[in-house]
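Quick notes on the structure that follows.
There are 2 protein chains.
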Amino acid sequence: MNEIKELESKLGYSFKEIHLLETAVTHSSYTREKNRSLKCNERLEFLGDAFFDAIIGEELFKSFPDQEEGFLSRIRATIVCEKSLSIKAEELGLGQYLLLGRGEEKTGGRSKPSILADAMEAIIGAVYLDGGFEAARKMVLQQFADVLEDARHGKYIVTDYKTALQELLQQEGNVAIKYVLAGESGPDHNKTFRVDLMIDGNYEAEGTGKSIKQAEQNAAEAALKRRKDVF
Amino acid sequence: MNEIKELESKLGYSFKEIHLLETAVTHSSYTREKNRSLKCNERLEFLGDAFFDAIIGEELFKSFPDQEEGFLSRIRATIVCEKSLSIKAEELGLGQYLLLGRGEEKTGGRSKPSILADAMEAIIGAVYLDGGFEAARKMVLQQFADVLEDARHGKYIVTDYKTALQELLQQEGNVAIKYVLAGESGPDHNKTFRVDLMIDGNYEAEGTGKSIKQAEQNAAEAALKRRKDVF
Chain P
33 MNEIKELESK LGYSFKEIHL LETAVTHSSY TREKNRSLKC NERLEFLGDA
83 FFDAIIGEEL FKSFPDQEEG FLSRIRATIV CEKSLSIKAE ELGLGQYLLL
133 GRGEEKTGGR SKPSILADAM EAIIGAVYLD GGFEAARKMV LQQFADVLED
183 ARHGKYIVTD YKTALQELLQ QEGNVAIKYV LAGESGPDHN KTFRVDLMID
233 GNYEAEGTGK SIKQAEQNAA EAALKRRKDV F
Chain S
33 MNEIKELESK LGYSFKEIHL LETAVTHSSY TREKNRSLKC NERLEFLGDA
83 FFDAIIGEEL FKSFPDQEEG FLSRIRATIV CEKSLSIKAE ELGLGQYLLL
133 GRGEEKTGGR SKPSILADAM EAIIGAVYLD GGFEAARKMV LQQFADVLED
183 ARHGKYIVTD YKTALQELLQ QEGNVAIKYV LAGESGPDHN KTFRVDLMID
233 GNYEAEGTGK SIKQAEQNAA EAALKRRKDV F
C-alpha cells in the first residue's frame, strides 16, 4: 500500500505501526461491506477527538494568558469542529486515501465533511497510540498551525452570539429565528429575564439574563454550543 | 501555606511550581472579593477538563478492545462528570483547601459538588502544566483507579436510557417525563418514528428510530447526554 506512505509523509510523522494509520482511514462502511475482519476508524476517532480538544485547548491557554475560560472555550469550539477538521482533511487530500464501502463511494462519501473530519480525528488517535502524546501534539500543532495563527490574531473571537447564530443557520438554508420572552423573576430593581429561542417555530434553547438583550445573547450562545458539536 | 503541602502529598505528585496548585484551589469568589491580583482556577479547569477526558478515554479504549465508540463514550460520560469528580474531591477532603469568598463560604461552597468538581479538574490542569502529560496521566489514573476498576467490571454500562434518565431526574426532585409521538415517515415496511421527550411539559430532546420504543430510548439518550455535561 504505497498510498498510505504518501499520506504518512504529508502528515510529517513516521509510524512504527503503519496499520494504525490504515485503520484511521478505514470507514465503517468498508469494514461492514468488504472486510469484516478489519477494524474501522471509529474507536481511533473516539481517542483522537479528546486529544485534539486537549492539545488545541492548551495552545489557546498559552496563547491567551489573560483571557478567561469562557473566551477560550468559545474559540476552541470554532477550531474543534467538523468544519475546521474537514477543511484540514481536504488540504491533505485525505479523501483519496479513505477506504469506503460501495454505498458511501457512490454517494460522494470521499468528500463528505463528517467522514473527513472523523478520519482526521482518527489519525490524531493513531499518532497518539503509535508515538505518544508529544508526537500527537506536534502533528496537530503542525497541521493546524495556520488555524491557530488566525486564532491568535482574533479571527475566531465571537462577541455577538445572535449574529453568529444567524450566520451559522443561514448556511443551513432559510430558517426563522425568534426570541420569545418566557418569564421574569425577582424584584423590580433586580429582575431576571428568561427568553426562549425558537427556530422555525420549534423550541431550541433558553437563556436568562439581567436584561432581555442579555437573555437573548445567552440563548443564542446555548444554541451555538449545541450545534457546533462543542462536546 | 502548610495546608497546600498536605494536599500535594494526598495527590501523590510533587509540584515544581506550587503556586499552580494554589491557583487550582482558588475559587473565583475569592479573587473577586479578597484579592484581585490572584488568579482563580477557571483557566486551569478549562485545561484540566480536556486532559481528564483524554486520559479516561484512552484508559477505556485500552480496557475494552472489542467495544465500539458509542459504548466507550457512554461509559466515559458517567466517569467524566460533576458527580464522579466531586466524589473524588470529597475523598481527598478537597473542600478544606479551597480559597472561597465570603458569600460562597456562607452558602456552603466548600461542599458544593460543582465547586469541588471544578477544582479537581483545575488540579489536573495544574499537574499537566507543571509536570507534563505523563505526570497528569499518572495522577488521574491513581486517583480514579477504583472508578476505572468498577468500569472494567461493567458498573457503568448503560443499556436502558429511559430508566437511567428517570433515575437521574429523580435525584433532582419529582418531575414528569413524557414521550410524545411527533412523526412517522417512510413506507409501511420501513417506517421511522420520531418521538419528543417532554420534561414537566417542556420540550427536552427528540429521538428517531425504527420502532417507537427505539425512538424513545434515543430521545432519553440525547437528554442524558445533554444533562451529564458530556461535553
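In order, the protein sequence lines correspond to chains P and S.
Quick note on numbering: the first sequence equals residues 33 to 263 in our numbering.
Quick note on numbering: the second sequence equals residues 33 to 263 in our numbering.
C-beta: ideal position from N, C-alpha, C; glycine also.
Compare the C-beta of LEU104(S) against all C-beta atoms of chain P and say whether one is closer than 9 angstroms.
For the purposes of this step, residue 104(S) is taken as residue 72 along the second sequence, with counting starting at 1. Yes, LEU104(S) lies at the interface with chain P (some Cβ there is under 9 angstroms from its Cβ).
Check whether chain P comes within 9 angstroms of GLU136(S), counting only Cβ atoms and requiring the distance to be less than that.
Taking the second sequence and counting its residues from 1, the one referred to as residue 136(S) is at position 104. Closer than 9 angstroms: no.
From GLY218(S), LYS144(S), GLU54(S), pick the residue whose C-alpha is nearest to that of ASN34(S); which is it?
Here residue 34(S) is taken as the residue at index 2 of the second sequence, counted from 1. Nearest option by C-alpha distance: GLU54(S).
Taking 9 angstroms as the threshold (beta carbon to beta carbon), is LEU70(P) in contact with chain S?
Taking the first residue of the first sequence as position 1, residue 70(P) is located at position 38. Chain S contact via Cβ: absent.
Please confirm whether GLN99(S) has its beta-carbon closer than 9 angstroms to some beta-carbon of chain P.
Position 67 of the second sequence holds residue 99(S). True, the Cβ-Cβ gap to chain P drops below 9 angstroms.
Go ahead and label GLN203(P) buried or exposed: buried means 16 or more other beta carbons lie within 10 angstroms of its beta carbon, across all protein chains shown.
Against the first sequence, residue 203(P) aligns to sequence position 171. Exposed, by the Cβ-count rule.
Could you check if LEU148(S) is buried or exposed, using at least 16 other CB atoms within 10 Å of its CB as the buried criterion?
On the second sequence, position 116 is the one that residue 148(S) refers to. Buried, by the Cβ-count rule.
Nearest chain S C-beta to ASP85(P) closer than 9 angstroms, yes or no?
Numbered from 1 along the first sequence, position 53 holds the residue referred to as residue 85(P). ASP85(P) counts as touching chain S.
Report yes if the C-beta distance between GLU49(P) and SER60(P) is below 9 angstroms; otherwise report no.
Looking up residue 49(P) in the first sequence gives position 17. Looking up residue 60(P) in the first sequence gives position 28. Not closer than 9 angstroms, so no.
For LYS187(P), does the three-state DSSP call read helix, strand or coil?
For the purposes of this step, residue 187(P) is taken as the residue at position 155 of the first sequence. LYS187(P) falls in the coil class under three-state DSSP.
Given a cut-off of 9 angstroms, decide if ASP150(P) and VAL112(P) are closer than it, judged by their beta-carbon atoms.
Locating residue 112(P) in the first sequence gives position 80, counting from the first residue. Locating residue 150(P) in the first sequence gives position 118, counting from the first residue. No, the pair does not count as a contact, with Cβ atoms beyond the cut-off.
Helix, strand or coil for LEU126(P), going by three-state DSSP, please let me know.
Your numbering for residue 126(P) matches position 94 in the first sequence. Looking at LEU126(P) - three-state DSSP - the assignment turns out to be helix.
Kindly indicate if chain C contains any beta-carbon less than 9 angstroms away from that of ARG259(P).
Judged by its chain identifiers, the structure shown contains no chain C, and its protein chains are P and S.
Starting from TYR193(S), trace the alpha helix (DSSP H) in both directions and tell me its first and last residue.
Counted from its first residue, the second sequence places residue 193(S) at position 161. Run containing TYR193(S): 193–203, per the alpha helix (DSSP H) assignment.
Is there at least one Cβ from chain S nearer than 9 angstroms to TYR188(P)'s Cβ?
Walking along the first sequence from the start, residue 188(P) turns up at place 156. Closer than 9 angstroms: no.
Going along the chain, which residues of its own chain have a beta-carbon closer than 7 angstroms to the beta-carbon of MET230(S), five neighbours each way excluded?
Here residue 230(S) refers to the residue found at position 198 of the second sequence. LYS210, VAL212, GLU236, listed in sequence order.
Taking only beta-carbon positions, decide if TYR45(P) is within less than 9 angstroms of chain S.
Position 13 of the first sequence, counting from 1, holds the residue named residue 45(P). No, TYR45(P) does not count as interfacial toward chain S.
Going by alpha carbons, who is nearest to GLU137(S) out of TYR62(S), ASN250(S), SER146(S), ALA177(S)?
Counted from its first residue, the second sequence places residue 137(S) at position 105. Of the candidates TYR62(S), ASN250(S), SER146(S), ALA177(S), the one whose C-alpha sits nearest the C-alpha of GLU137(S) is TYR62(S).
Let me know if THR266(S) comes out buried or exposed under the rule of 16 or more other beta-carbons within 10 Å of its beta-carbon.
Here chain S comprises residues numbered 33 to 263, so residue 266(S) is not present and cannot be evaluated.
For the ligand GDP, any of its heavy atoms closer than 8 angstroms to the Cβ of ALA177(P)?
With respect to the ligand GDP, the structure shown offers nothing to examine, as it has no ligands at all.
Which residues of chain P have a Cβ atom closer than 8 angstroms to the Cβ of ALA208(S), listed in chain order?
Counting from 1 along the second sequence, the entry for residue 208(S) is found at position 176. None at all; the shortest Cβ gap to chain P is about 17 angstroms.
Length of the line joining the Cα atoms of SER143(S) and ILE189(S):
Sequence index remark: in the second sequence, residue 143(S) carries index 111 (1-based). Sequence index remark: in the second sequence, residue 189(S) carries index 157 (1-based). Distance between the alpha carbons of SER143(S) and ILE189(S): 28 angstroms.
Please report how far the alpha carbon of PHE96(P) lies from the alpha carbon of ILE107(P), in whole angstroms.
Position 64 of the first sequence, counting from 1, holds the residue named residue 96(P). Position 75 of the first sequence, counting from 1, holds the residue named residue 107(P). So the two alpha carbons sit approximately 11 angstroms from each other.
What do you reckon, are the CB atoms on GLY157(P) and LEU79(P) nearer than 9 angstroms?
Sequence index remark: in the first sequence, residue 157(P) carries index 125 (1-based). Sequence index remark: in the first sequence, residue 79(P) carries index 47 (1-based). Cβ distance < 9 angstroms, so GLY157(P) and LEU79(P) count as in contact.
Skipping 5 residues on each side, what residues in its chain have a beta carbon closer than 7 angstroms to that of PHE47(S)?
The residue you call residue 47(S) lines up with position 15 of the second sequence. Answer for PHE47(S): GLU40, LEU53, ASP162, listed in chain order.
Is LYS210(S) helix, strand or coil by DSSP?
Mapped onto the second sequence, residue 210(S) falls at position 178. Residue state, collapsed to three classes: strand.
Give the secondary structure of PHE263(P) by DSSP, where H, G and I count as helix, E and B as strand, and everything else as coil.
Here the question's residue 263(P) lines up with position 231 in the first sequence. Because the pLDDT of PHE263(P) is 26, which lies under 50, any placement of that residue in the model is unreliable, and the question is left without a value.
Starting from the Cα of HIS221(P), find the closest Cα among PHE93(P), SER243(P), HIS51(P), GLY186(P) and give me that residue.
For this step, residue 221(P) is matched to residue 189 along the first sequence. Ranking the options by Cα distance to HIS221(P), first place goes to SER243(P).
Report the rounded CA-to-CA distance for THR58(P) versus LYS94(S), giving the unit in angstroms.
Within the first sequence, numbered from 1, the residue matching residue 58(P) stands at position 26. Within the second sequence, numbered from 1, the residue matching residue 94(S) stands at position 62. Whole-angstrom Cα-Cα distance: 20 angstroms.
Relative to the C-alpha of LYS170(P), which residue among ILE36(P), GLU38(P), TYR45(P) is closest?
Position 138 of the first sequence, counting from 1, holds the residue named residue 170(P). Nearest option by C-alpha distance: TYR45(P).
In the structure shown, what three-state DSSP assignment does ARG68(S) receive?
Locating residue 68(S) in the second sequence gives position 36, counting from the first residue. In the structure shown, ARG68(S) falls within a coil segment according to DSSP collapsed to helix, strand and coil.
Got a sec, what are the start and stop residues for the alpha helix (DSSP H) VAL227(P) sits in?
The sequence position of residue 227(P) within the first sequence is 195, counting from 1. No alpha helix (DSSP H) holds VAL227(P); the beta strand (DSSP E) holding it covers 224–231.
If we ignore side chains and look at the alpha-carbon of each, how far apart do PHE263(S) and GLU101(S) end up?
Walking along the second sequence from the start, residue 263(S) turns up at place 231. Walking along the second sequence from the start, residue 101(S) turns up at place 69. Any answer about PHE263(S) is weak, because its pLDDT of 26 lies below 50 and its placement is not dependable; what the coordinates show is given next. Rounded to the nearest angstrom, the two C-alpha atoms are 15 angstroms apart.
Short of 7 angstroms in beta carbon distance, which residues of its chain neighbour ARG134(P), apart from the five on each side in sequence? Order them along the chain.
On the first sequence, position 102 is the one that residue 134(P) refers to. The answer, listed in chain order, is GLU65.
Name the chain P residues that come within less than 8 angstroms of PHE176(S), Cβ to Cβ?
Along the second sequence, read from residue 1 onward, the residue named residue 176(S) stands at position 144. Per Cβ cutoff of 8 angstroms: no residues; PHE176(S) is ~15 angstroms from chain P at best.
Compare the C-beta of ALA251(S) against all C-beta atoms of chain P and say whether one is closer than 9 angstroms.
What you label residue 251(S) is simply residue 219 of the second sequence in a count that begins at 1. Cβ-Cβ to chain P under 9 angstroms: no for ALA251(S).
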